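Residue numbers (our numbering): 6 to 74.
Beta carbons are placed, not taken as given, at the ideal position from N, Cα and C, and that holds for glycine.
Nothing here was measured: the structure is a model prediction, and the numbers come from that model.
So the structure is just underneath, and the comments pick up after that.
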């Protein structure tokens with residue numbers, strides 16, 4: 006009876022630790038990947054004439070969406 010409760014507490018604790026480790030690894034890999042994508046996208050926008058058009062369309066779209074609410 007006591008051992009069952011201890012085993013269940015141990016299993017839950019191990020599960021929580023595994024979830025924390027998986028979340029930490031995901032954050033460590035996803036944050037740099039997202040930053041690299043954003044930097045690449047911004048450099049594309051700023052170095053191409055078409056990129057400037059896309060940037061203006063994005064800014065106007067964001068302003069229109071923000072103004073409509």
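> Apart from the five residues just before and just after residue 8, which ones in its own chain have a Cβ nearer than 6 Å to its Cβ?
Replying inline: Around residue 8: no qualifying Cβ.
>> In whole angstroms, give me the CA-to-CA distance for residue 31 and residue 59.
In response: Distance between the alpha carbons of residue 31 and residue 59 is about 31 Å.
> Does DSSP classify residue 53 as helix, strand or coil?
Replying inline: Assigned with DSSP and collapsed to three states, residue 53 falls in coil, not helix or strand.
> Roughly how many angstroms separate the alpha carbons of residue 50 and residue 22, rounded to a whole number?
Replying inline: When the Cα atoms are used, residue 50 and residue 22 turn out to be separated by approximately 42 Å.
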